[in-house]
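So for the sequence shown, my numbering puts the first residue at 13; every next one is plus one. One structure is given here, and the rest of the page talks about it.
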Amino acid sequence: MAIFKSDAARGMFTMVLGAGVLSANDAVSKYMVESYPIGQILCLRQVAALVAILAYVWWSGRWRDLRVNDKAGQAWRGVTHVGGAALIVWSLSLLPIATVTAIAFSSPIVVLVFSMRLLGERVSWRRKIAVLIGFAGVVVIIRPGGVSFEWALLVPVAAAIIAGLRDLLTRRVARVDTSLSVLVWASVLLIVVSLFTIPLGWKPVTLGASIWFITNGLLNAGAHFLMIEALRLGDAALISPFRYTAILWATFTGFIVWHHLPDTMTMVGAAMLIFSGVIIARRDRAVA
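Here you go:
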């Protein structure tokens, strides 16, 4: 990254790269769910991710960072992490990857709404308008009551709501626990819960499939690491909007691999969500 002269530029590049890796992770999950059950995918890919994370902890000697201080907060966040991950993989089995990605990125709107209602946080009129625009964007994509509406579109909506709750709980947990602690224990809970799906019909794993599971896990861990690193390098208000390049990555991947292209209304809705997310991510200096 020597060509980037500032931490902000490196942060933006890292976030774009992380968004691309996240889209690649979703693409592999979508490919795997064609042959393996959701629980098995979640378990095996998370095992690979956990091994990679623990290898980093061992290399850096940061074992103390795995300590849990907010046990209740970590437990509830872990539950939302499991639910969100399952719903996203389920969504990918039902819908084009670009559609799932666009709807899933409405989670910042959920976070803001819950912050207003549950935490009593003051929100400026600009962000309130952004919430309305974002909500309208979701409606444009799913088109309830329209001829193109299908119930599967509600699955990523549910995933976005749960992801918003997860992010809200992350705010609480991050006050006393490290990012590594959150990542590791959420991974452990996801693995344990997904093991209970074995009686539902796990399939034998071939050598080729095992490589895909490992790739999926490494991409998952890599995406989280890159996004955390991006936010460390630059101001969150500047860096966070670049997460939305994941929608472009997902559109490209969906077209190359599955020959899916979003229709016009989905693209319009995605643009509204991006606009809403950028406004929400900006530092709010106005008085509510």
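Ideal Cβ placement from N, Cα and C applies to all residues, glycine included. The structure displayed is predicted, hence computed values, not measured ones.
Residue burial classification, residue i (beta-carbon count within 10 angstroms, cutoff 16)
{"i": "residue 67", "result": "exposed"}
{"i": "residue 81", "result": "exposed"}
{"i": "residue 215", "result": "exposed"}
{"i": "residue 225", "result": "buried"}
{"i": "residue 42", "result": "buried"}
{"i": "residue 246", "result": "buried"}
{"i": "residue 79", "result": "exposed"}
{"i": "residue 146", "result": "buried"}
{"i": "residue 236", "result": "buried"}
{"i": "residue 200", "result": "exposed"}
{"i": "residue 311", "result": "A question about residue 311 goes unanswered here, because the residues of the chain that appear run from 13 up to 300."}
{"i": "residue 51", "result": "buried"}
{"i": "residue 197", "result": "buried"}
{"i": "residue 276", "result": "exposed"}
{"i": "residue 220", "result": "exposed"}
{"i": "residue 212", "result": "exposed"}
Under the three-state DSSP convention, the category residue i falls into
{"i": "residue 41", "result": "helix"}
{"i": "residue 134", "result": "coil"}
{"i": "residue 81", "result": "coil"}
{"i": "residue 222", "result": "helix"}
{"i": "residue 140", "result": "helix"}
{"i": "residue 214", "result": "coil"}
{"i": "residue 107", "result": "coil"}
{"i": "residue 241", "result": "helix"}
{"i": "residue 186", "result": "coil"}
{"i": "residue 155", "result": "coil"}
{"i": "residue 276", "result": "helix"}
Within-8 Å CB hit, residue i to chain B
{"i": "residue 153", "result": "Going by chain labels, chain B is absent from the structure shown, which holds only one protein chain."}
Cβ distance (whole Å) where residue i is taken to contact residue j below 8 Å
{"i": "residue 115", "j": "residue 40", "result": "Not really, about 20 Å apart at Cβ, beyond 8 Å."}
{"i": "residue 139", "j": "residue 292", "result": "6 Å"}
{"i": "residue 74", "j": "residue 192", "result": "6 Å"}
**OP:** Inspect the CB distances between the region 277-284 and the region 132-141 and report whether three or more fall short of 8 Å.
**Re:** No, the region 277-284 does not touch the region 132-141.
Subject >> Three-pair Cβ contact test at 8 Å for the region 48-68 versus the region 217-233 >> reply: The region 48-68 is in contact with the region 217-233.
Original post:
Quick one: any contact between the region 109-120 and the region 186-193, if contact means 3 or more CB pairs under 8 Å?
Top reply: Counting Cβ pairs under 8 Å, fewer than three are found: no touch.
Subject >> Touch test, the region 251-269 against the region 28-47, Cβ-Cβ under 8 Å, three pairs minimum >> reply: Counting Cβ pairs under 8 Å, three or more are found: they touch.
**OP:** Could you tell me whether the region 147-158 touches the region 92-109, using the rule of 3 or more Cβ pairs below 8 Å?
**Re:** The region 147-158 and the region 92-109 do not touch, with fewer than 3 CB-CB distances between them shorter than 8 Å.
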